[in-house]
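Scroll down for the structure; my scribbles are underneath it.
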Amino acid sequence: MAAHAPLLALLDGTLADIASPLVRADDLGVVRGDGVFDATLVRRGAVRDREEHLDRLERSAAILQLPAPDRAGYGRAIDALVAAWDFGAAPEALIRLVLTRGPEGGGEPTAFAMMLPLSPAAIAERDRGVSITLLGRGHDGDEVAAMPWLLPGAKSLSYSINMAAKRHAVAHGFDDVVFVAPSGQLLEGPTSTLVVDRGGRLATPPQDGILASITLDHLLRDAPSAGLEVAFEPMEPADLSAADGAWLLSSGRLLAAITAVDGEPMPRSPLDAALRRVLDV
């Protein structure tokens with residue numbers, strides 16, 4: 000079966016040719032990464048956590064002092080993409096919502112939504128899990144939270160460091176990354192949130208300076224009804240090594256069990272099946 004081509008929608012709800020020019024060469028989103036985005040999973044026509052992702056796009060825009068996103072316009076774009084998508088060819092897809100500051104000399108922000116198939120690698124990693132490496136990050140979470148110019152909590156287009164970390168991991172035989180602060184505290188992945196099974200309790204690092212995870216919010220909301228306990232707890236690499244299991248959570252891949260840390264095998268948590276049910280994996 001041929002792969003589904005990406006689709007592009009404008010905020011008036013019309014589809015555009017993804018191969019035709021849309022962004023000016025002097026757009027600040029292109030030349031400086033000055034903009035925000037968000038992305039949500041779509042399964043057979045159902046947009047996962049739609050309103051929550053629009054909320055986070057608004058929060059990110061506010062942090063960057065961008066104009067408030069046209070929420071109704073993004074809603075029209077989402078509806079147009081979902082209506083045009085062939086879910087028989089690609090049952091799972093990502094919708095990416097983009098907002099930039101616009102041309103460098105001034106003008107209207109650039110805004111659009113794009114839909115593309117969820118990568119086969121992301122789907123496979125849900126089942127087989129991921130091997131990770133621990134990489135340093137230059138600031139502790141609470142330090143970043145106190146420095147608004149570092150854009151803590153914003154999902155900005157300036158994603159080159161995150162992507163460089165993942166390329167570094169893959170080049171050295173790993174699937175993904177968890178960042179470690181200078182203090183030794185575990186943080187997050189480049190595109191994911193860490194959750195650890197500590198003797199039957201689920202723990203995740205404190206959210207200071209970390210992008211709020213919608214998938215984690217889903218877990219925090221629904222875990223108690225499934226008999227699962229989740230708490231924010233500071234953790235170091237030794238805590239990860241001693242854990243009964245761990246996962247990376249994200250909006251597209253949803254959940255991937257960590258199978259090894261820097262080459263050391265990690266057990267599959269006894270809570271894995273319950274966590275998958277809670278997150279509807």
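The numbering of the sequence shown is numbering that gives the first Met the number 0, which starts it at 0 and goes up by one. Cβ coordinates follow ideal geometry from the N, Cα and C atoms, glycine included. The structure presented is a predicted model; accordingly, all values stated were derived computationally and were not measured.
- Apart from the 5 residues on each side of it in sequence, Ala211 sits with its Cβ closer than 7 Å to the Cβ of Arg55 and Gly152 in its chain, given in chain order.
- By alpha-carbon distance to Arg197, the top candidate from His167, Gly188, Ala230 and Asp216 is Ala230.
- Rounded to whole angstroms, the separation of the alpha carbons of Pro189 and Val129 is 14 Å.
- Going by beta carbons, Arg127 and Gly34 fall outside the 7 Å limit.
- Taking C-alpha positions only, Ala121 is separated from Gly251 by approximately 8 Å.
- Residue state for Val22 is assigned as coil, using DSSP reduced to three classes.
- Across the set Ala18, Leu156, Gln206 and His3, the C-alpha of Gln206 shows the shortest separation from the C-alpha of Leu185.
- Judged by beta-carbon spacing, Glu91 lies within the 7 Å limit of Arg42, meaning their Cβ atoms are closer than that value.
- Nearest to Ser59 by alpha-carbon distance, out of Ser157, Leu80, Ala273 and Asp174, is Ser157.
- Val177 sits close to Ile131, with the two beta carbons spaced by under 7 Å.
- DSSP, read as helix, strand or coil, puts Arg43 in coil.
- With contacts defined by Cβ atoms closer than 7 Å, Leu10 and Ala110 form a contacting pair.
- For Asp221, same chain residues with a beta-carbon under 7 Å away, outside a window of 5 residues either side, are Val277 in chain order.
- With respect to the C-alpha of Thr192, the residue from Ser182, Val169, Gly172 and Leu219 having the closest C-alpha is Leu219.
- Between Arg95 and Ala163, the C-beta spacing is not below 7 Å.
- Residues of the same chain with their beta carbon placed closer than 7 Å to that of Ser224 are lacking, with the five preceding and five following residues left out of the count.
- Membership of Ala8 in the beta strand (DSSP E) is indicated by the continuous run Leu6 to Ala8.
- For Ser240, the three-state secondary structure derived from DSSP is helix.
- Distance from the CA atom of Pro233 to the CA atom of Ala241, rounded to whole angstroms, is 14 Å.
- Relative to Asp271, the option among Trp246, Ala180, Asp69 and Pro264 whose CA is nearest is Trp246.
- The stretch 41-97 is shown to contain whole alpha helix (DSSP H) runs of 4 or more residues at 49-62 and 70-83, in chain order.
- Excluding five sequence positions before and after Ile257, the CB atoms of its chain that fall closer than 7 Å to its own CB belong to Gly128, Val129, Ile131, Ala245, Trp246, Leu247 and Met265, given in chain order.
- Ranking Pro116, His138 and Arg23 by CA distance to the CA of Gly105 puts Arg23 first.
- The bridge partners DSSP lists for Met162 come to none.
- Judged by DSSP secondary structure, Leu115 falls within the beta strand (DSSP E) whose first and last residues are Thr109 to Pro116.
- When secondary structure is reduced to three states using DSSP, Ala180 falls in the coil class, being assigned neither helix nor strand.
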